[in-house]
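Asker:
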Amino acid sequence: MDWFNVSHIHPALGLPNTSHCLYASLSDVDVLQRLGLSGKRPSSGWSSSRTVPQGVIPFKSGVIFTQRARVEAPLSTILPAGSSTDLLLVLSLCSHRINNAFLFAVKSKKRKLQLGIQFVPGKIIVYVGHKRSVYFDYNVHDGQWHNMAINIRGQTVTLFTSCGKRRVHADLHYKKDEALDPHGSFLFGKINQHSVQFEGAICQFDIYPSAKAAHHYCKYLKKQCRQADTYRPNLPPLIPLLPRDPNASPSTPQHMEPSLQGLRNLTTAASLLEIGREGRTAGHLPKKAQVAQKHATEYLLLNTGY
């Protein structure tokens, strides 16, 4: 599957000029906006023909990454040359699938990992340098929205939650590489093209050079990200949920919180819309899937502006 390379995006999408960014001083960075993935429609440059990466579904508060998402960009699109790993990340997201995916990875020109965040069941792993990491006991894969800040400063990494009321420190125990390779790359939702993809909704992904926002990061959250379950629809099931128990049948009731039902439906609906985009005819799908695809497509077209 081809990757969506931001360096090939048409200028009309409103992305920053990469060559100019190389010489800019580091300021607050909205990653979704820099990559042209922001759910907000600018006054110009956005139309029905706007290039959207395959597997990425924009919605009013951000984007949904499905299993088919492939997004990679030159690091200079995100950060200027000379940027260090001393950064503050402010995140608002909701995982749709339990896996070991990276939220993002920064790699050098030689493809060495320089910075990254990985979500594994029950833990957040922060990588600062090749094969150097710390972890926090925190479960992102619970179907809920999570607002957090991760501060990397010197040899210490700190996870802030509950609007800064809770914080956990982890020591790297070694001197980390200070500078990121200006010729490196930024991979969104994966560590490489063969790894598992992060699947879920992202409302905010901001990078700050200063740690001042860490203790009160909720003040820096976008308005639409401050309310939990911003976009979660209240929908009846669109298709039978896949059972986790291999001995169960599709009709076997699954124990799932009612509020999560719509979230799972939306993830499935996004995948069905992807099938429709590829031009597969309804005749290639089972009858139930045809009906589900019709309703899912109608819902997404109405609510995401396709």
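For the sequence shown, this note's numbering assigns the number 1482 to the initial residue and increments by one for each residue that follows. In this text, a Cβ means the ideal position worked out from N, Cα and C, and glycines have one as well.
1. If we count Cβ pairs, one from each stretch, closer than 8 Å, do we get three or more for the stretch 1578 to 1587 versus the stretch 1628 to 1648?
2. Extract the residue ranges of the beta strand (DSSP E) inside the stretch 1642 to 1706, only unbroken runs of 3 or more that lie entirely within it.
3. From His1627 to Ser1565, what does the alpha carbon distance come to, in whole angstroms?
4. Suppose contacts are defined by Cβ-Cβ distances below 7 Å. Is Asn1632 in contact with Ala1586 by that definition?
5. With DSSP as the reference, label Leu1513 as helix, strand or coil.
6. Let me know the secondary structure DSSP gives Thr1558 once reduced to three states.
7. Does the beta-carbon of Gln1674 have 16 or more other beta-carbons within 10 angstroms, so that it is buried, or is it exposed?
8. Could you tell me if Ala1694 is buried or exposed, where buried requires 16 or more neighbouring beta carbons within 10 angstroms of its beta carbon?
9. Which class does Ala1630 belong to by DSSP, given the choice of helix, strand or coil?
10. Quick one: what does DSSP say Tyr1616 is sitting in, helix, strand or coil?
11. Sort Leu1513, Leu1569 and Glu1553 by Cα distance to Pro1690 and report the nearest one.
12. For the beta strand (DSSP E) containing Lys1591, name the first residue and the last one.
13. Where Val1533 and Thr1558 are concerned, what is the direct C-alpha to C-alpha distance, given to the nearest angstrom?
14. What are the start and end residues of the beta strand (DSSP E) that includes Ile1606?
Answerer: This is what the structure gives:
1. no
2. 1647 to 1652, 1666 to 1669 and 1681 to 1689
3. Your numbering for residue 1627 matches position 146 in the sequence shown. Your numbering for residue 1565 matches position 84 in the sequence shown. Those two C-alpha atoms are separated by around 26 Å.
4. By 1-based counting over the sequence shown, the position of residue 1632 is 151. By 1-based counting over the sequence shown, the position of residue 1586 is 105. Their beta carbons are not under 7 Å apart, which means Asn1632 does not touch Ala1586 by this criterion.
5. What you label residue 1513 is simply residue 32 of the sequence shown in a count that begins at 1. In this structure, Leu1513 counts as helix in the three-state DSSP scheme.
6. Residue 1558 sits at position 77 when you count from the first residue of the sequence shown. If DSSP states are grouped into helix, strand and coil, Thr1558 belongs with the helices.
7. Walking along the sequence shown from the start, residue 1674 turns up at place 193. The residue in question, Gln1674, is exposed, as its Cβ has fewer than 16 Cβ neighbours within 10 Å.
8. If you number the sequence shown from 1, residue 1694 lands on position 213. Counting Cβ neighbours within 10 Å, Ala1694 comes out buried, since at least 16 surround it.
9. Walking along the sequence shown from the start, residue 1630 turns up at place 149. The answer is strand: DSSP assigns Ala1630 an E or B state.
10. In the sequence shown, residue 1616 corresponds to position 135, counting from 1. Tyr1616 falls in the strand class under three-state DSSP.
11. Reading the sequence shown from its first residue, position 209 is the one you call residue 1690. Ranking the options by Cα distance to Pro1690, first place goes to Leu1569.
12. Stepping through the sequence shown from its first residue, residue 1591 is reached at position 110. It is not in any beta strand (DSSP E) - Lys1591 carries neither H nor E in the DSSP assignment.
13. On the sequence shown, residue 1533 is found 52 positions in, with the first residue counted as 1. On the sequence shown, residue 1558 is found 77 positions in, with the first residue counted as 1. Each residue's alpha carbon lies about 17 Å from the other.
14. The sequence position of residue 1606 within the sequence shown is 125, counting from 1. Per DSSP, Ile1606 belongs to the beta strand (DSSP E) from Lys1604 to Val1609.
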